[in-house]
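A.B. asks: Here you go, one structure.
There are 2 protein chains.
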Amino acid sequence: MFVERPIGVIDSGVGGLTVVSELIRQLPKEEIIYIGDTARCPYGPRPEMEVRKFTWEMIDYLLLHEIKMLVIACNTATAVVLEEAKEKLSIPVIGVIHPGTIAALKATKSDHVGVIGTEGTINSGAYYRELTMINTDVKVESLACPQLVPLVERGMFSGSEAEAIIKQSLEPILKTSIDSLILGCTHYPLLAPVIQKIAGESVEIICSGDETAREVSALLYHANLLYTGERPDPSHIFYSTGSQDMFQQIARDWLSIKDIDVKRINLQGQRISKKKFYN
Amino acid sequence: MFVERPIGVIDSGVGGLTVVSELIRQLPKEEIIYIGDTARCPYGPRPEMEVRKFTWEMIDYLLLHEIKMLVIACNTATAVVLEEAKEKLSIPVIGVIHPGTIAALKATKSDHVGVIGTEGTINSGAYYRELTMINTDVKVESLACPQLVPLVERGMFSGSEAEAIIKQSLEPILKTSIDSLILGCTHYPLLAPVIQKIAGESVEIICSGDETAREVSALLYHANLLYTGERPDPSHIFYSTGSQDMFQQIARDWLSIKDIDVKRINLQGQRISKKKFYN
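For the protein sequence lines, the chains are A and B, in the order given. First residue of the first sequence: 4, per the working numbering; consecutive thereafter. First residue of the second sequence: 4, per the working numbering; consecutive thereafter.
Okay, here's the thing in structure tokens:
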């Protein structure tokens, strides 16, 4: 049965674990298989061809595990590979950009939306393009916040220093009259409580991870791929191309899973011979 | 081009116009074609076979208009026909029950969700089934609120009398510790501000219409059916099997569209000879 297969999630590193965390919460019966390409992270500064090559290596690896759906939980990889993967693969493919944009278009009452992300994501214009593709009249404020990922990676999710840095980073976008703000980076959900506090009640904060998990749920449902039987304790698999310890620690802290087993893999030279997964 | 085709929306009456209103807001480039079977409304008390027959008459009529997607914006018709329509039609089909359930599973932090609806919808157990199918552990409180549709139909969206009736109706469910409440009837979104006031800030109100529009957006995107070109002023078509005046007035008040043109149609004996729309 296809429905019993796992959902595959790929990311350049550990950021996509916020998506996994929401998938486990919103779809507690589903099994997840995750690859974080921590050895070659971050993808942002790499040339497009390299991002494409690395992303396809992860995809091919997951296809061998017969995943029923692919989630590209990385903004850079989504921008580069999503369309191509949707076209080539015979399973549903979902990125992290689109779910956030439609959530924002639902949330905004004034057609005025903000997006924050890494420099790579903001400069790619992907959020702006997707928002205005659906609604030509929506006004979009985009802001790169390069100081936020380091905050998360240092575990500084709250406290006065974190608040001061976030406040300063967000100042230009909060001066505008946006009424919804997309956190366009998989690391940012961990800062969401502080961002909400600084932005105030009038701004709805949209976490890509939460919205992506919800879109996965909708697509599985419509493709008749939801696991609906009994499975009290689904097991998830985590692969890392780099350090297992760092990955394990973050997965434990972010996902609140105690006995997480992280396997190390080498993706270079990964080849898939079977064609059955492709259209 | 398929993408230029309209989205078809059907309902037993005028309730589905709240879904249309959200579709127009969230997908302003899309064209909509709506049928309200006002002459035979409500479907709730009718036998299943009759609901099936009437719903298929509406679907067949819309298929002749070459719709690219079908939205069953009626809880009763969704419960009876959705699975069958998904299976038989070659276009994507979406009902109003599923989008509300996944929004609630995303919103709830305590796995404790409330659902209100008409007696027919609540007694069908459809929301309970869909919620627990995805998450076995979710606790669901269901409550039929037969006094709310008459309130909407009398245009009493606010005021002390409306508030008193709503407060009394919701009392049993608000006594529980739910943290999200699905408005499981397409009429209820018009009462959402009062319901939110009575339920308090700790309960997230989920409107089926808003969530359905969002799921339409996601499915169109993944099926490559979104209209992304320029169309500054899309035109919508409204059909009613009963009174045009009442329909026109409600559409004007609910949708804030001034010059809405409502055509009267007779569905009985409607036959579709072309097989091209079926799988």
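Using N, Cα and C, we set each Cβ at its ideal position, and we do this for glycine too.
Output, in chain order, the set of chain A residues within a Cβ distance shorter than 7 Å of L108 of chain B.
C.D. replies: Numbered from 1 along the second sequence, position 105 holds the residue referred to as residue 108 of chain B. Within chain A, the residues near L108 of chain B are Q29.
A.B. asks: What residues of chain B sit near L229 of chain A, judged by a beta carbon separation below 8 Å?
C.D. replies: Translated into positions along the first sequence, residue 229 of chain A becomes position 226. Simply M136, I137.
A.B. asks: If you compare alpha carbons, which of B:E133, B:L184, B:D236, B:T81 is closest to L146 of chain B?
C.D. replies: Counting from one through the second sequence, the residue named residue 146 of chain B turns up at place 143. The residue with the shortest Cα to Cα distance from L146 of chain B is B:L184.
A.B. asks: Go ahead and label P102 of chain B buried or exposed: buried means 16 or more other beta carbons lie within 10 angstroms of its beta carbon, across all protein chains shown.
C.D. replies: Your numbering for residue 102 of chain B matches position 99 in the second sequence. With 16 or more Cβ atoms within 10 Å of its Cβ, P102 of chain B is classed as buried.
A.B. asks: Exposed or buried, what is S211 of chain A when buried is set at 16 or more other beta-carbons lying within 10 Å of its beta-carbon?
C.D. replies: Counting from 1 along the first sequence, the entry for residue 211 of chain A is found at position 208. That one is buried.
A.B. asks: Is the separation between the beta-carbon of A88 of chain A and that of I105 of chain A shorter than 8 Å?
C.D. replies: Translated into the one-based positions of the first sequence, residue 88 of chain A becomes position 85. Translated into the one-based positions of the first sequence, residue 105 of chain A becomes position 102. Not a contact, by the Cβ cut-off of 8 Å.
A.B. asks: Output, in chain order, the set of chain A residues within a Cβ distance shorter than 8 Å of L218 of chain B.
C.D. replies: Along the second sequence, read from residue 1 onward, the residue named residue 218 of chain B stands at position 215. According to the sequence provided, residue 218 of chain B is Glu. The question's Leu does not apply to it. Per Cβ cutoff of 8 Å: A221.
A.B. asks: I need the straight-line Cα distance from T139 of chain A to K109 of chain A, nearest angstrom please.
C.D. replies: Start at 1 with the first residue of the first sequence, and residue 139 of chain A comes out as number 136. Start at 1 with the first residue of the first sequence, and residue 109 of chain A comes out as number 106. In a straight line, the C-alpha of T139 of chain A is about 15 Å away from that of K109 of chain A.
A.B. asks: Please return the same chain residues whose Cβ sits closer than 6 Å to the Cβ of E69 of chain A, not counting the five positions on each side in sequence.
C.D. replies: Against the first sequence, residue 69 of chain A aligns to sequence position 66. Cβ within range, chain order: R8.
A.B. asks: Does I268 of chain A pass the burial test, meaning 16 or more other C-beta atoms within 10 Å, or should it be called exposed?
C.D. replies: Position 265 of the first sequence, counted from the start, is the residue given in the question as residue 268 of chain A. Classification of I268 of chain A: exposed, given that the 10 Å Cβ count is below 16.
A.B. asks: Run through the DSSP bridge pairs and tell me what S24 of chain B is partnered with.
C.D. replies: Translated into positions along the second sequence, residue 24 of chain B becomes position 21. DSSP lists no partner for S24 of chain B.
A.B. asks: Using C-beta distances below 6 Å, list every residue in its chain close to G123 of chain B, excluding the 5 sequence neighbours before and after it, in chain order.
C.D. replies: Counting from one through the second sequence, the residue named residue 123 of chain B turns up at place 120. Cβ within range, chain order: G47, T79.
A.B. asks: Helix, strand or coil: which one does DSSP assign to H225 of chain A?
C.D. replies: Here residue 225 of chain A is taken as the residue at index 222 of the first sequence, counted from 1. If DSSP states are grouped into helix, strand and coil, H225 of chain A belongs with the helices.
A.B. asks: Could you say if the region 111-128 of chain A and the region 228-240 of chain A meet the contact criterion of at least three C-beta pairs nearer than 8 Å?
C.D. replies: With a cut-off of 8 Å, the region 228-240 of chain A and the region 111-128 of chain A do not count as touching, because too few Cβ pairs lie within range.
A.B. asks: Which residues in chain E sit within 8 Å of I105 of chain A, going by Cβ to Cβ distance?
C.D. replies: Among the protein chains in the structure shown, which are A and B, there is no chain E.
A.B. asks: Could you tell me the alpha carbon to alpha carbon distance between V23 of chain B and I38 of chain B, rounded to whole angstroms?
C.D. replies: If you number the second sequence from 1, residue 23 of chain B lands on position 20. If you number the second sequence from 1, residue 38 of chain B lands on position 35. Cα-Cα distance, rounded: 11 Å.
A.B. asks: Since V96 of chain B and T58 of chain B should fall inside the 8 Å C-beta cutoff, what is the C-beta to C-beta distance between them, to a whole number of angstroms?
C.D. replies: Walking along the second sequence from the start, residue 96 of chain B turns up at place 93. Walking along the second sequence from the start, residue 58 of chain B turns up at place 55. Not confirmed; about 11 Å, so no contact.
A.B. asks: Along chain A, in chain order, which residues have C-beta atoms closer than 8 Å to that of H101 of chain B?
C.D. replies: On the second sequence, residue 101 of chain B is found 98 positions in, with the first residue counted as 1. The answer, in chain order, is A221, Y224.
A.B. asks: DSSP puts K32 of chain B in a beta bridge; with which residues?
C.D. replies: Counting from 1 along the second sequence, the entry for residue 32 of chain B is found at position 29. K32 of chain B pairs with nothing; no bridge assigned.
A.B. asks: Residues of chain B with a CB under 8 Å from the CB of P95 of chain A: which are they?
C.D. replies: By 1-based counting over the first sequence, the position of residue 95 of chain A is 92. The answer, in chain order, is H225.
A.B. asks: Helix, strand or coil for L186 of chain B per DSSP?
C.D. replies: Within the second sequence, residue 186 of chain B is the residue found at index 183, counting from 1. Correct three-state label for L186 of chain B: strand.
A.B. asks: Taking 8 Å as the limit between beta carbons, can you name the residues of its chain near I209 of chain A, skipping five residues before and five after?
C.D. replies: Residue 209 of chain A sits at position 206 when you count from the first residue of the first sequence. Excluding sequence neighbours, I209 of chain A sits near G103, A106, A107, A110, S183, L184, I185, L186.
A.B. asks: Taking a cut of 9 Å between CB atoms, which residues from the region 205-216 of chain A lie near chain B?
C.D. replies: Result list: D213, E214, A216.
A.B. asks: Strictly below 8 Å CB to CB, what residues from chain B border D140 of chain A?
C.D. replies: Taking the first residue of the first sequence as position 1, residue 140 of chain A is located at position 137. Within chain B, the residues near D140 of chain A are P31.
A.B. asks: Do you know whose CA, among B:A221, B:T189, B:L67, lies nearest Y281 of chain B's CA?
C.D. replies: Here residue 281 of chain B is taken as the residue at index 278 of the second sequence, counted from 1. Out of B:A221, B:T189, B:L67, B:L67 has the C-alpha closest to the C-alpha of Y281 of chain B.
A.B. asks: Can you give, in chain order, each stretch of the alpha helix (DSSP H) that sits fully within the region 120-197 of chain B and has at least 4 residues?
C.D. replies: Counting only runs of 4 or more, we get 122-127, 129-137, 151-156, 163-177.
A.B. asks: Check the C-beta distance from T179 of chain B over to E144 of chain B and give it rounded, since I have them as a contact under 8 Å.
C.D. replies: Position 176 of the second sequence, counting from 1, holds the residue named residue 179 of chain B. Position 141 of the second sequence, counting from 1, holds the residue named residue 144 of chain B. Indeed they touch by this definition, with Cβ atoms about 5 Å apart.
A.B. asks: Determine the direct distance from the alpha carbon of N126 of chain B to that of G16 of chain B, and round the result to whole angstroms.
C.D. replies: In the second sequence, counting from the first residue as 1, residue 16 of chain B sits at position 13. In the second sequence, counting from the first residue as 1, residue 126 of chain B sits at position 123. Those two C-alpha atoms are separated by around 20 Å.
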